[in-house]
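The next block holds one structure in the form of structure tokens; read it before the comments.
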Amino acid sequence: MKKAALVILFLSLTSLVPLLAQETTAAPPPEAAQTVAPWTAFTYNSEGRRDPFKDLLSGRDLREKTATGEPQVFIDDLVLFGIVKNNRVFTAMVGMPQGFPMFVKVGDKLADGYVLSISESQVVLRKTHDRGIPLIRTRDIVKEITEEL
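Heads up, the sequence shown is in this note's numbering, so the first residue is 8 and it goes up one at a time.
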């Protein structure tokens, strides 16, 4: 009986040795506990709506033409503000009806004509249409700079 008790005691102690060894190495290292998931790019499914993550002003040219593609400024509505000479090329600064300035060069088209020539003190505009109807004889309109007191 003593031998059986000793064998049982020996077997129970040998089965406890691996459990004690696991307790000392069971704590995970702190580096392994702080793993981060890999980064993935976010994709937005607009389903026909505008993408709220895109910039509203990007991709647009501020000098783009009107929707029809033709300038909608009439010669009679222009006011000459000034003339600039750069590299022997004249550029005229004219005021549109809304009060916004516009820069024109020789050959630029307008709604009812085009810029014929620009000199130091005047701009000559050739009117080819009147209210959308082509003119039989074109008219030259001269806009001059006047000195204000």
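We treat Cβ as the ideally placed atom computed from N, Cα and C, and that holds for glycine.
Close-in-space but distant-in-sequence residues of the same chain around residue 123 (CB under 8 Å, 5 per side omitted):
113, 131, 132, 133, 147
Kindly identify the DSSP beta-bridge partner or partners of residue 137.
140
Spatial distance of residue 139 from residue 83 (CA atoms)
14 Å
With a 10 Å radius around its C-beta and 16 neighbouring C-beta atoms as the bar for buried, classify residue 12 as buried or exposed.
exposed
Pull up the distance between the alpha-carbon of residue 42 and that of residue 19, whole angstroms please.
39 Å
Kindly list the residues whose CB is nearer than 8 Å to the CB of residue 70, restricted to its own chain and excluding five residues on each side of it in sequence; keep chain order.
Note that residue 70 scores a pLDDT of 48, beneath 50, so its modelled location is shaky; the value from the coordinates is reported in the next line. Closer than 8 Å at the Cβ level, and outside the excluded window around residue 70, lies no residue.
Residue 143 burial status per 10 Å Cβ neighbour count (16 or more: buried)
exposed
Hey, quick one: how far does the beta strand (DSSP E) through residue 152 stretch, first residue to last?
First-last for residue 152: undefined, no H or E at that position.
From the DSSP output, in three-state form, read off residue 11 for me.
helix
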